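First residue of the sequence shown: 262, per the working numbering; consecutive thereafter.
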Amino acid sequence: MRRGEIRLVDFEPSSGQEANKRRPAILVSNDAANSMAQTLGRGVVTVIPLTSKTDRVMPFQVLLLAFQTGLPKDSKAQAEQIRSVSITRVGAKVGLVPHDVMKLVEDAIRLQLALD
(Lines of atoms letter the chains of each structure in order from A and count residues from 1; the text may use other names and numbers.)
(Lines give C-alpha, C1' and ligand atoms only; values in the text may rest on other atoms or scores of the structure.)
Protein backbone atom coordinates (compact mmCIF):
# COMPACT_ATOMS: atom_id res chain seq x y z
CA MET A 1 0.00 0.00 0.00
CA ARG A 2 1.72 3.15 -1.24
CA ARG A 3 1.08 6.87 -1.45
CA GLY A 4 -0.60 7.78 -4.73
CA GLU A 5 -2.52 4.53 -5.05
CA ILE A 6 -6.24 4.79 -5.66
CA ARG A 7 -8.07 2.39 -3.35
CA LEU A 8 -11.72 1.62 -2.76
CA VAL A 9 -12.69 3.07 0.63
CA ASP A 10 -15.91 2.63 2.60
CA PHE A 11 -16.95 6.10 3.80
CA GLU A 12 -20.13 4.98 5.60
CA PRO A 13 -21.44 6.12 7.94
CA SER A 14 -21.21 9.69 6.75
CA SER A 15 -22.83 12.91 7.90
CA GLY A 16 -24.07 15.98 6.05
CA GLN A 17 -22.03 16.77 2.96
CA GLU A 18 -19.22 14.30 3.72
CA ALA A 19 -18.21 11.90 0.97
CA ASN A 20 -20.29 8.77 1.37
CA LYS A 21 -20.60 5.16 0.23
CA ARG A 22 -17.80 2.95 -1.08
CA ARG A 23 -15.77 4.96 -3.56
CA PRO A 24 -12.24 5.38 -4.89
CA ALA A 25 -9.87 7.55 -2.86
CA ILE A 26 -6.22 8.55 -3.20
CA LEU A 27 -3.90 7.36 -0.47
CA VAL A 28 -1.99 10.50 0.61
CA SER A 29 -0.40 9.49 3.92
CA ASN A 30 3.30 8.68 3.94
CA ASP A 31 4.53 5.24 2.90
CA ALA A 32 5.93 4.39 6.34
CA ALA A 33 2.53 4.95 7.99
CA ASN A 34 0.75 3.10 5.18
CA SER A 35 3.07 0.12 5.45
CA MET A 36 2.80 -0.04 9.23
CA ALA A 37 -1.00 0.09 9.16
CA GLN A 38 -1.14 -2.59 6.48
CA THR A 39 1.34 -4.85 8.26
CA LEU A 40 -0.40 -4.54 11.63
CA GLY A 41 -3.91 -4.65 10.16
CA ARG A 42 -4.84 -1.66 12.33
CA GLY A 43 -4.25 2.06 12.45
CA VAL A 44 -5.29 4.86 10.13
CA VAL A 45 -4.27 6.16 6.72
CA THR A 46 -5.08 9.51 5.14
CA VAL A 47 -7.14 9.61 1.95
CA ILE A 48 -8.79 12.03 -0.46
CA PRO A 49 -12.16 10.83 -1.82
CA LEU A 50 -12.86 10.92 -5.55
CA THR A 51 -16.05 11.68 -7.41
CA SER A 52 -16.97 11.17 -11.05
CA LYS A 53 -18.87 14.49 -11.06
CA THR A 54 -16.33 16.57 -12.97
CA ASP A 55 -18.48 19.35 -14.45
CA ARG A 56 -16.93 21.88 -12.03
CA VAL A 57 -13.42 21.59 -10.60
CA MET A 58 -12.61 24.02 -7.79
CA PRO A 59 -9.05 25.24 -7.04
CA PHE A 60 -8.78 22.77 -4.12
CA GLN A 61 -9.79 19.86 -6.38
CA VAL A 62 -7.84 18.04 -9.10
CA LEU A 63 -9.16 16.56 -12.33
CA LEU A 64 -7.97 12.97 -12.80
CA LEU A 65 -8.21 11.68 -16.36
CA ALA A 66 -9.15 8.02 -16.71
CA PHE A 67 -6.33 7.23 -19.14
CA GLN A 68 -3.79 8.56 -16.61
CA THR A 69 -5.09 6.73 -13.54
CA GLY A 70 -6.55 3.47 -14.81
CA LEU A 71 -10.00 4.39 -13.50
CA PRO A 72 -13.01 3.59 -15.71
CA LYS A 73 -13.97 7.29 -16.02
CA ASP A 74 -12.59 10.74 -15.39
CA SER A 75 -12.84 11.79 -11.74
CA LYS A 76 -11.82 14.59 -9.45
CA ALA A 77 -9.94 14.47 -6.16
CA GLN A 78 -11.72 16.44 -3.44
CA ALA A 79 -8.99 17.81 -1.16
CA GLU A 80 -11.68 19.56 0.90
CA GLN A 81 -12.78 16.06 1.98
CA ILE A 82 -9.34 14.88 3.17
CA ARG A 83 -9.58 12.55 6.17
CA SER A 84 -7.95 9.75 8.07
CA VAL A 85 -9.75 6.41 7.98
CA SER A 86 -9.22 3.05 9.63
CA ILE A 87 -7.20 0.63 7.53
CA THR A 88 -10.22 -1.70 7.83
CA ARG A 89 -12.16 0.69 5.55
CA VAL A 90 -9.56 0.43 2.77
CA GLY A 91 -10.07 -2.11 0.00
CA ALA A 92 -8.60 -3.07 -3.33
CA LYS A 93 -6.28 -0.97 -5.45
CA VAL A 94 -8.17 0.33 -8.50
CA GLY A 95 -5.72 2.85 -9.94
CA LEU A 96 -2.61 4.96 -9.51
CA VAL A 97 -2.03 8.71 -9.67
CA PRO A 98 1.01 9.58 -11.81
CA HIS A 99 3.82 11.50 -10.09
CA ASP A 100 3.18 14.76 -11.98
CA VAL A 101 -0.54 14.67 -11.15
CA MET A 102 0.24 13.80 -7.53
CA LYS A 103 2.10 17.14 -7.35
CA LEU A 104 -1.20 18.84 -8.25
CA VAL A 105 -2.96 16.86 -5.52
CA GLU A 106 -0.31 18.03 -3.03
CA ASP A 107 -0.89 21.64 -4.18
CA ALA A 108 -4.64 21.20 -3.61
CA ILE A 109 -4.00 19.86 -0.09
CA ARG A 110 -1.75 22.83 0.68
CA LEU A 111 -4.43 25.23 -0.58
CA GLN A 112 -7.23 23.52 1.37
CA LEU A 113 -5.24 23.42 4.62
CA ALA A 114 -3.63 26.87 4.12
CA LEU A 115 -0.14 25.37 4.44
CA ASP A 116 1.61 27.97 2.25
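Even for Gly, the Cβ is constructed at its ideal location relative to N, Cα and C. From a predicted model like this one, the values you see are computed outputs, not experimental measurements.
- Query: Is it the case that the Cβ atoms of V308 and V323 are separated by a distance below 9 Å?
  - Reply: The residue labelled residue 308 in the question sits at position 47 within the sequence shown. The residue labelled residue 323 in the question sits at position 62 within the sequence shown. Their beta carbons are not under 9 Å apart, which means V308 does not touch V323 by this criterion.
- Return the first residue and the last residue of the beta strand (DSSP E) that S345 is part of. The residue given as residue 345 occupies position 84 in the sequence shown. Start and end: R344 to S347.
- Minimum C-alpha distance to R344 - residue among Q373, Q329, R263 and G302: For the purposes of this step, residue 344 is taken as the residue at position 83 of the sequence shown. It is Q373.
- Item | Segments assigned alpha helix (DSSP H), at least 4 residues, entirely inside the region 304-331 | Whole alpha helix (DSSP H) segments, 4+ residues: 327-330.
- Query: Using the beta-carbon count (16 or more within 10 Å), is G277 buried or exposed?
  - Reply: Counted from its first residue, the sequence shown places residue 277 at position 16. Result: exposed.
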